[in-house]
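Enquirer: Here it is, the structure in full.
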Amino acid sequence: MTSNGATTTSRTDRLLNASALLERLNEPQTAAALHLLLDKAELLAFSVSAVDSLLQRGETIADNVAASVHELRAADDHYTLFKHAHNFYQDFILP
492 MTSNGATTTS RTDRLLNASA LLERLNEPQT AAALHLLLDK AELLAFSVSA
542 VDSLLQRGET IADNVAASVH ELRAADDHYT LFKHAHNFYQ DFILP
């Protein structure tokens, strides 16, 4: 440990970690997975960027959806009122 409280990794530990990493990289399934990730890197970057943008604008999107639902409900109420007025007109005024 250093004087500021941070831990340090010994040279032996670093070599063991590097050795373990090299062993994993030499495994066929690890190599195949890394190849797949590299092949899809551009798509992954685009997807992460799109999700990030969506999350950043989430509140605005939710507010717009709520406003649209409110407008649809108001329009339905107006249509129902118009329909009742039309039926009243046909049933009582026209005959």
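Numbering (our numbering), first residue to last: 492 to 586. Think of the CB as a built atom: it goes at the ideal place given N, C-alpha and C, for glycine as much as any other residue.
For Asn578, does the three-state DSSP call read helix, strand or coil?
Expert: Helix at Asn578.
Enquirer: Can you tell me where the alpha helix (DSSP H) with Glu514 in it begins and where it stops?
Expert: That run of the alpha helix (DSSP H) goes Arg502 to Leu516.
Enquirer: Between Asp530 and Ser544, what straight-line distance do the alpha-carbon atoms span, to the nearest angstrom?
Expert: Rounded to whole angstroms, Asp530 to Ser544 spans 23 Å at the Cα level.
Enquirer: Just how far apart, CA to CA, sit Asn555 and Leu527?
Expert: In a straight line, the C-alpha of Asn555 is about 38 Å away from that of Leu527.
Enquirer: Please report the distance separating the alpha-carbon of Met492 from that of Asn508.
Expert: At Met492, the pLDDT of 45 sits below 50, so the modelled position is not reliable; the number obtained from the coordinates is stated separately. Their Cα atoms are separated by approximately 19 Å.
Enquirer: What is the DSSP secondary structure of Arg564, reduced to helix, strand or coil?
Expert: The answer is helix: DSSP assigns Arg564 an H, G or I state.
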